[in-house]
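One structure below.
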Amino acid sequence: MAYSEKVVDHFTHPRNMGSLPKEAPDVGTGIVGAPECGDVMKLQIKVQNDTIVDAKFKTFGCGSAIASSSLATEWLKGKTIEQAAAIKNTDIVQELNLPPVKIHCSVLAEDAIKAALSDFQHKTGAGRQSGRGAGTQPDSPEGGQNHIAHSTP
């Protein structure tokens, strides 16, 4: 399978890899897993005055999952909560030119963004963003793929 130059670049030179202190009141953490392949993604955002000022990730998975995480953190920086909630997996697919068998990696990134936003909103008591999935808790049944499952690639 051939990967786009952007996937290879983000995989070999990931941006914003690392962690933020999850106990901090201005940090939202989303941890999600993909049953399709066993990938696990942790994405964190740091928010000040309704703007994401930092984003970090740790992903255990394939190159497409790492590239999707890396790209997502780049896109999140400087966005408002509302703008971040509007990021869709299809945007990531298009930017990275992901093949159909790797689209689930972009879904994982979108789910991690939504889970991190939800965690931040829960910590701060901020208004929930209805209809976008940002109001669900990472461990709730309505949170989509927000669970960790083990499967073979």
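Just so it is clear: in the sequence shown, position 44 is 24 by our numbering, and no numbers are missing.
Cβ coordinates follow ideal geometry from the N, Cα and C atoms, glycine included.
On a predicted model such as this, the values are computed, not experimentally measured, just so you know.
*asked:* Going by DSSP in three states, Lys2 sits in which element: helix, strand or coil?
replied: coil
*Inspect the beta-carbon positions of Lys94 and Val7 and report whether they are closer than 9 Å.*
no
*What is the residue span of the beta strand (DSSP E) that Gly13 lies within?*
Val7 to Gly13
*Using a Cβ-Cβ cut-off of 6 Å (strictly less than) and excluding sequence neighbours within five positions of Asn69, which residues of its own chain qualify?*
Ser86, Val87 and Glu90
*Examine the Cβ distances between the segment 58 to 72 and the segment -14 to -7 and report whether three or more of them are shorter than 8 Å.*
no
*Could you say which of Ile32, Phe40, Pro(-6) and Cys17 lies nearest to Ile83 if we only look at CA atoms?*
Cys17
_Can you check which of these residues, Met(-3), Ser(-1), Gln24 and Val20, is closest to Ser98 by C-alpha distance?_
Gln24
*Determine the direct distance from the alpha carbon of Pro80 to that of Ala(-18), and round the result to whole angstroms.*
12 Å
_Along the chain, where does the beta strand (DSSP E) containing Thr39 start, and where does it finish?_
Thr31 to Phe40
*Ile32 to Ile46, Cα distance in whole Å?*
20 Å
*For Ile199, which three-state DSSP category applies?*
Coverage of the chain is limited to positions -19 through 133, which leaves residue 199 absent and any answer about it impossible.
*For Ala129, the three-state DSSP class (helix, strand or coil)*: Residue confidence is low: Ala129 scores 31 on pLDDT, short of 50, so the model does not pin down where it sits. No coordinate-derived value is stated.
*Put Ile25 into one of helix, strand or coil per three-state DSSP.*
strand
*Going by beta carbon distance, what residues of the same chain come within less than 7 Å of Pro121, once the five residues before and after it are set aside?*
At Pro121 the pLDDT is 33, less than 50, meaning the model places this residue with poor confidence and gives no usable figure here.
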